[in-house]
Amino acid sequence: MSVGQRLAQSAFLCVVFSSSIGMACASPGDQDLIRERQNRLLEEQQRRLEDLRNLPGQPSVPPVPSKPEDERCFTIRSIDLKGADSLSITERDALLKPFVGQ
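The numbering of the sequence shown is the working numbering, which starts it at 1216 and goes up by one.
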């Protein structure tokens, strides 16, 4: 390597190191400017994320099903109990009474 190339390399390294040292010792005004830029970028990213969440075609909130007032659709006229042979007639009637005619 020639003397000129070494001199050019050392000058380049001096410039690189001096600029990195200067960036590390930024003034308070520069730090505020950098902080503001970072905050703006963060806000922009948050808006983009919110826009992506609200894309059409995706359900944002599932609809709450409304409860019908009355789900019955026919009147009960009679109920036949099968396998309840050990119950007396009065016990069967007591079991069925709340449901007959509803």
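Yeah, the Cβ is synthetic: ideal placement off N, Cα and C, and Gly gets one too.
Work out the CA separation of Asp1245 and Glu1265 for me, nearest whole Å. Reading the sequence shown from its first residue, position 50 is the one you call residue 1265. Reading the sequence shown from its first residue, position 30 is the one you call residue 1245. If you take the alpha carbons of Glu1265 and Asp1245, they lie about 30 Å apart.
Own chain partners of Leu1302 with C-beta closer than 8 Å, once the 5 adjacent residues on each side are dropped: Against the sequence shown, residue 1302 aligns to sequence position 87. Only residues of its own chain outside the window of five on either side were considered, and among them Leu1296, Leu1310 have a CB closer than 8 Å to the CB of Leu1302, listed in chain order.
Endpoints, the alpha helix (DSSP H) within which Asp1266 is located: Locating residue 1266 in the sequence shown gives position 51, counting from the first residue. 1243–1268 is the extent of the alpha helix (DSSP H) around Asp1266.
Of the listed residues Pro1313, Glu1251, Ser1225, nearest to Arg1292 (C-alpha basis): What you label residue 1292 is simply residue 77 of the sequence shown in a count that begins at 1. Nearest C-alpha to Arg1292: Pro1313.
How far does the alpha helix (DSSP H) with Thr1305 in it reach, from first residue to last? Numbered from 1 along the sequence shown, position 90 holds the residue referred to as residue 1305. Counting along the chain, the alpha helix (DSSP H) containing Thr1305 begins and ends at 1304–1311.
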